[in-house]
Amino acid sequence: MSPSPPALPGLPPRATARLKDGVASIVLDVTGLDDPAADALEAEAQAAAQRAPGVREVRVVRTSERTQRRLIAVASGKGGVGKSTLSANLAVALHRTGRPVGLVDADIQGPSQPRLFGVEGIKPEARDNRMIPLDTPAGVPLLSMGMLVPAGQAIAWRGPMLGSALSQLLDGHWGAADPILLDLPPGTGDVQLTMVQKHRPVGAVIVSTPQDLALIDARRAIDLFEKAGVPIIGLVENMAGYTCPNCGSVSDPFGNGGAEDEAARLGIPFLGRIPLAIGIRTASDAGAPPAAGNGAEGAAFGAVAERIDAWLRAHGG
Ligand code: ADP
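Numbers in the working numbering are just positions in the sequence shown, counted from 1, shifted up by 29.
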């Protein structure tokens, strides 16, 4: 039996179409395309359908655009351990490996990513009721909970409102961005669990300082992801080993090796250590993520990013 001719000739290969009562319904697979490329493809499909005989209306639905994108959660058991600093710099370091990474700042307790990227106070625009991520000077597109409220105002949402705010950020026009790093609020309560269960990251990076107390909190964070069935990519030790800028001696104000030992005990990968360095704080405060530079601090973030890159390659590319 010979195959029946296509109902609508001239459609691009990514389109499948149905024609009924003069209405052409087209499903367009835009997986992996950035917004301009997807828009061009849609225009091509529209034009081809309109040329076909018997068509009086064309409806186009895009698919796969959002389901294929991978989320990586960056979490900590408590605040102040450098989770936001790590999220920003990992995003930049992954961007430098060539991945089209994006960043979503869900840290409602202190949405600091706009400041860390030097775009504080800039409001993102919207198209078709969806937010357009801000282009940052470091090349990482960014949306933050802080962009949904007037500057300086505390975020006082609970439950469903919080959930829909995060969905709004994740449903933005991310184009080909993949993966998206998700800077979670610190802690291991219901807010974090709900975010993780709803948006199902493909993996989680846990950040801790070497202190025992912080490690207990990190263990709670690991439990939370295990409960939600999200694989742990590994543990990062932040604020490890302080190099005195005057005499060059190295000391360990928060202890030494605790996080690496703990990772081994828990059977999860250790992704590396970021030194406690004044340069990291000053560059971060100035809105210039150190991972964008070529100094020693940038290299530390780069080494962690390479392990995450390897994990991603081992888990689907
Ligand atoms: P969290 O997101 O866990 O609350 P932040 O990323 O906001 O923590 O970091 C808390 C403070 O510690 C910030 O002032 C930040 O610049 C500083 N900081 C984070 N990591 C380092 C580091 N490795 N060396 C020096 N200062 C750091």
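Here a beta-carbon is modelled for each residue, glycine too, at the ideal position from N, C-alpha and C. Predicted model, so just to flag it, every value in this text is computed and none were measured.
In this structure, Val-121 lies near Ala-321, with their beta-carbon atoms less than 7 Å apart. Between Arg-249 and the set Glu-291, Val-333, Asn-267, the nearest pair of CA atoms involves Glu-291. Beta-carbon to beta-carbon, Ala-233 and Ile-261 are separated by about 5 Å, close enough to satisfy the 8 Å threshold. It is roughly 12 Å from the alpha-carbon of Ser-313 to the alpha-carbon of Glu-326. In this structure, Ser-237 keeps its C-beta atom at 7 Å or more from the C-beta atom of Val-148. A buried status is given to Gln-142, since no fewer than 16 other beta-carbon atoms sit within 10 Å of its beta-carbon. Here the C-alpha atom of Ser-173 lies approximately 12 Å from the C-alpha atom of Ser-113. When distances are taken from the beta-carbon of Thr-114 to the heavy atoms of the ligand ADP, the shortest one is below 6 Å. Between Pro-318 and the set Ala-78, Phe-146, Asp-64, Arg-125, the nearest pair of CA atoms involves Phe-146.
Per DSSP, reduced to three states, the secondary structure at Gly-192 is helical. Short of 6 Å from the beta carbon of Val-178, and not among the five residues preceding or following it, lie these beta carbons of its own chain, in chain order: Ile-184.
The segment 37-50 makes contact with the segment 65-78: 3 or more CB pairs, one atom from each, lie closer than 8 Å. Given a length threshold of 3 residues, each whole run of the beta strand (DSSP E) inside the segment 188-257 is given here in chain order: 209-212, 232-237.
Collapsing the DSSP output to three states places Thr-60 in coil. The beta carbons of Asp-58 and His-202 sit about 17 Å from each other, so the pair does not count as a contact at 8 Å.
The shortest C-alpha to C-alpha distance from Val-90 to any of Arg-342, Arg-47, Pro-298 is the one to Arg-47. Unbroken beta strand (DSSP E) stretches of 3 residues or longer found wholly inside the segment 97-141: 100-104, 131-134, given in chain order. In summary, Gly-181 is exposed, with fewer than 16 beta-carbon neighbours lying within 10 Å of its beta-carbon over all protein chains present. Within the segment 259-293, the beta strand (DSSP E) runs of at least 3 residues that lie entirely inside it are, in chain order, 261-272. By alpha-carbon distance to Ala-293, the top candidate from Asp-281, Ile-309, Leu-264 is Leu-264.
Rounded to the nearest whole angstrom, the C-alpha separation of Asp-219 and Ala-104 is 14 Å. DSSP places Ile-297 outside both helix and strand once states are collapsed to three, so it counts as coil.
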